[in-house]
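Line order of the protein sequences matches chains D and A. Numbering-wise (the numbering used here), the first sequence opens with residue 1 and increments by one. Numbering-wise (the numbering used here), the second sequence opens with residue 444 and increments by one.
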Amino acid sequence: MFFRKLKTFSKGGVHPLGKKVTQNKSIQTLPPPEKISLILKQHLGAPAIPVVEINERVKVGQLVARNNGYVSANIHSSVSGRVDKIEDVLDISGYKTKAITISAEGDDWDESIDRSPDVKHDFNLNSIEILKKIQDAGIVGLGGATFPSHVKLAIPFSKFANILILNGVECEPCLTSDHRLMIEKGEEILVGAKILMRAVHAHKTLIGIENNKPDAIKHLETLAKKYENIKVYALKAKYPQGSEKQLVKALIDKEIPNKGLPIDVHTIVDNVGTAFAVYEAVQKNKPLIERVVTVTGKYVKHPCNFLARIGTPIEHLVQAVGGLPENTGKIVMGGPMMGKSLSSLNYYVTKATNGLLVIPAEDSKREKVRECIRCAKCVSVCPVGLEPYKLMTLVERSQYDDIVEEKIDYCLECGSCSFVCPSYRPLLDYIRLGKSVIKKKTA
Amino acid sequence: MDNQLLTVSPSPHIHSKYSVNTAMSRVIMSLIPALIVTIYFFGIGAMIITTIAMGSCMVFEILIKKYIFHEPVLVSDSSSLLTGLLLAFNLPSNLPIWIVILGSFIAIGVGKMTFGGLGKNPFNPALVGRVFLLICFPVEMTSWPLPLISRFSYLDAATGATPLTIMKDGFRNTIPVTEWMDNIPSHLQMVIGNMGGSMGEVAGLALLLGGIWLIITRIISWHIPVSIILTVLIFTGLFWFIDPVKYPDPLFHILTGGVLLGSFFMATDYVTSPMTSKGMCLYGIGIGIITVVIRNFGVYPEGVSFAILIMNGFVPLLNKYIKPKRYGEKLSYE
């Protein structure tokens with residue numbers, strides 16, 4: 001063959017169109033807002049416990065809520081100022097959840113944080129010390145799952161990981177936060193990879209990037225030449241390659257068993273954003289208080305990538321891109337394929353927020369649902385080999401025993417089936433319904 | 444901003460914009476080269492029958508939807524037009540208009556709407572119409588106009604035999620292949636479409652181009668056409684290998700009759716074909732085998748329509764028992 005065969009996962013996948021208009025816009029630091037709200041449950045696991053009193057003064061980077069048990073994460077203040085209140089706000093799913101609201105006064109950082117811009121390469125910590133730093137900094141998986149990193153990186157005695165996979169795929173259309181981070185903080189990401197490798201005792205790192213980001217691939221490839229055990233792989237652009245299971249399949253051609261984790265095939269998968277956060281925590285002593293957020297949309301005036309403080313109100317982000325366009329119909333937190341739509345602007349940036357998408361009214365409504373024509377598109381695009389049309393029919397008929405038999409729990413909820421269905425059938429909605437019924441039944 | 448209502452819905456928030464209508468119109472588009480070739484060889488007759496079949500299929504669908512189903516009529520979906528076009532492609536070009544209309548009625552009325560319309564019919568509607576006509580009007584349905592010569596005549600077209608009927612006569616009267624091969628066009632002529640047969644079946648090259656375009660644009664998957672054609676090649680090749688005096692070469696079987704039309708356009712009909720790729724392959728192999736069995740041992744010289752209809756009957760079973768390989772189904776590793 002005259003061109004290099006690109007790696008990818010073998011089964012299913014779709015090619016959603018979504019121009020990444022912000023891919024050449026460098027990351028801008030968003031000035032701290034007047035008020036932030038830190039939701040106490042912005043990670044998987046138990047909500048954090050507040051350790052500050054109302055009216056207490058806090059600095060940037062000061063711990064305001066500590067982890068509640070092992071599977072939980074610390075939360076630090078991202079502004080300096082006074083704790084206003086600790087009360088309920090709406091979380092992204094629409095449920096009420098406790099949050100600490102802080103009014104900003106000045107920008108007074110904790111003295112222990114190194115704010116110099118130069119890259120620090122050397123570190124001489126051992127695995128346990130690194131994990132402690134990661135736990136203290138409240139780092140969670142920044143790809144979207146927000147699983148506390150210190151839990152993931154603590155390898156059980158019976159298992160081992162020899163490969164670290166860094167996920168720079170960013171297969172969601174429209175989002176460019178990881179893309180920009182790789183270009184602007186490539187050096188730091190690689191140091192982060194070194195730290196992660198030491199933490200889990202892995203001996204090599206594979207970085208997977210889709211080939212629609214040639215600049216990022218080239219940049220990291222050049223930087224990685226210095227390290228003999230870090231390799232960058234260009235992957236064929238295909239959704240949902242950013243999913244852990246698909247990425248492992250693409251890079252090392254192994255399948256993670258159902259209900260298993262990457263550690264079952266001796267790998268650890270982390271997002272490039274997480275690697276950067278780990279670098280900052282270990283080398284600069286900086287907790288996770290900022291992240292890159294892409295704000296974009298068809299009619300948004302100045303779409304951009306921002307380095308936003310965690311807890312920043314969404315309204316603040318929207319104003320930074322020139323306000324909401326006239327005909328806004330839907331606001332999505334995250335990407336168009338898996339993001340969640342918001343009911344108002346009264347939400348806050350969390351550790352999981354990688355983008356904000358403003359969809360115009362004409363694209364925000366679904367088309368009329370029609371009969372299934374059994375075209376088999378949903379079966380052919382499903383990345384885990386399910387038959388969405390069958391699952392939908394079974395859920396409609398409440399045949400819940402049969403959907404267990406049809407392995408409904410394998411579903412990644414990537415949305416490829418609903419995306420391709422020529423009859424606009426809400427396949428994923430029904431699959432989610434079925435999954436939740438089963439969860440209730442077994443619980 | 445406070446008064447503005449936002450849409451809240453679960454993901455995904457975008458759609459491929461690929462609708463049933465896009466699919467149907469692309470299939471119709473892919474049949475246009477074959478239609479042009481057909482009109483070149485069969486002239487006026489081909490035009491009349493195509494127009495009548497497509498028009499009457501659409502009219503029957505609208506009438507049934509409006510007066511029996513009492514549903515709002517959406518002409519927007521072009522599936523009935525496609526059924527009409529495929530039915531026309533399966534008819535000889537000198538068929539009287541009333542028979543064509545009857546065929547359309549059976550195709551749409553019996554083949555499709557009795558089961559509840561688009562998406563519900565177990566059998567390919569165009570083939571239901573065609574087989575009905577073949578059984579009721581055996582004489583009219585098997586008098587094949589000669590290509591080129593009968594371009595400007597319709598009902599009074601000069602007729603002749605198709606390569607497959609010549610082959611069947613050869614089998615019956617035990618004439619060796621080499622002798623009856625003289626009476627049929629060369630393989631090259633057959634590729635272009637210069638032979639007797641149903642209107643749409645003859646244009647081999649044009650059908651192949653249309654089919655490949657459909658596969659490239661992912662309207663259909665390659666599993667069904669490839670498995671049918673390979674099975675026919677291998678199975679007829681076996682006969683040819685054992686007794687080359689009696690049986691013609693495999694390429695002859697691919698180029699004659701409805702193998703190309705059937706495998707790319709009829710067997711791949713969304714509604715009546717299996718859902719999984721493994722199922723599609725089995726379905727294709729079944730069609731291939733039944734076609735060759737009918738051609739070599741049956742009463743009819745051509746078996747593609749019957750083979751597809753028979754395998755259509757197996758589709759629910761294939762869908763039920765053949766499951767795709769799930770990701771990570773193996774529970775333990777190493």
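C-beta atoms are modelled at their ideal positions from N, C-alpha and C, and glycine is treated no differently.
For Glu228/D, the secondary structure class from DSSP, reduced to helix, strand or coil, is coil. Under the three-state reduction of DSSP, Ala137/D is assigned to coil, being neither helix nor strand. The C-beta separation of Ser26/D from Glu170/D comes to about 16 Å, leaving the pair out of contact by the 8 Å criterion. Here His513/A is exposed, its C-beta having fewer than 16 other C-beta atoms within 10 Å. No beta strand (DSSP E) of 3 residues or more sits fully in the segment 367-403 of chain D.
Within chain D, no C-beta atom comes nearer than 8 Å to that of Val553/A; the closest sits roughly 19 Å away. Excluding five sequence positions before and after Asp108/D, the CB atoms of its chain that fall closer than 8 Å to its own CB belong to Lys59, Val60, Ser80, given in chain order. Distance between Cys382/D and Ala376/D, taken at the CA atoms: about 10 Å.
By the neighbour-count criterion, in which a residue is buried when 16 or more other Cβ atoms sit within 10 angstroms of its Cβ, His456/A is buried.
The contact set of Leu506/A on chain D, defined by CB atoms closer than 9 Å, is empty, because the minimum CB distance reaches about 19 Å. The residue among Asn739/A, Asn755/A, Leu607/A, Asn464/A with its C-alpha nearest the C-alpha of Asn564/A is Asn755/A.
Rounded to the nearest whole angstrom, the CA to CA distance from Ser670/A to Ile195/D is 52 Å. Between the alpha carbons of Asn55/D and Glu87/D lies a distance of about 14 Å. A Cβ-Cβ contact shorter than 8 Å links Thr267/D with Ile252/D.
Counting only residues of its own chain and dropping the five nearest sequence neighbours on each side, Gly322/D has a CB closer than 8 Å to the CB of Val300, Lys301, His302. For Leu545/A, the enclosing alpha helix (DSSP H) stretches over residues 540-548.
Here His201/D carries a coil assignment [DSSP, helix/strand/coil]. Close to chain D, meaning a Cβ-Cβ distance shorter than 7 Å, is no residue of the segment 516-536 of chain A at all. In terms of Cβ geometry, Ser536/A and Cys500/A do not form a close pair [threshold 8 Å]. Taking a cut-off of 8 Å on C-beta distances, the segment 531-546 of chain A touches the segment 577-596 of chain A, as three or more cross pairs fall below it.
Judged by their CB atoms, Asn305/D and Val318/D are not nearer to each other than the 8 Å cut-off.
For Glu772/A, at least one C-beta of chain D is nearer than 8 Å to its own C-beta.
Between Gln135/D and Ala352/D a beta carbon distance of about 18 Å is seen, past the 8 Å cut, so the two are scored as non-contacting. Against chain A, the beta carbon of Gly143/D has no neighbour under 7 Å; the closest one sits roughly 16 Å away. Note on geometry: alpha-carbon atoms of Val119/D and Ile209/D lie some 23 Å from one another. Counting along the chain, no beta strand (DSSP E) covers Glu111/D, and no H or E run does either.
Note on geometry: alpha-carbon atoms of Thr711/A and Met638/A lie some 25 Å from one another. For Tyr713/A, the residues of chain D that pass the 8 Å Cβ criterion are Ile373, Arg374, Cys375, Ala376, in the order they occur in the chain. In the structure shown, the three-state DSSP call for His150/D is helix. In the structure shown, Trp587/A adopts extended strand secondary structure according to DSSP, grouped into three states. Per DSSP, Thr267/D is one residue of the beta strand (DSSP E) stretching across 267-271. Looking at the backbone, the Cα of Val349/D and that of Val295/D are separated by about 12 Å. Burial state of Thr719/A is buried, judged by a 10 Å Cβ sphere holding 16 or more other Cβ atoms. By DSSP's assignment, Lys120/D forms no beta bridge with any residue.
Annotation for Tyr713/A: Ala466 place their beta carbon closer than 8 Å to its own, counting only its chain and skipping 5 residues before and after. With the criterion set as a beta carbon lying under 9 Å from some beta carbon of chain D, the members of the segment 563-594 of chain A are Lys563, in sequence order.
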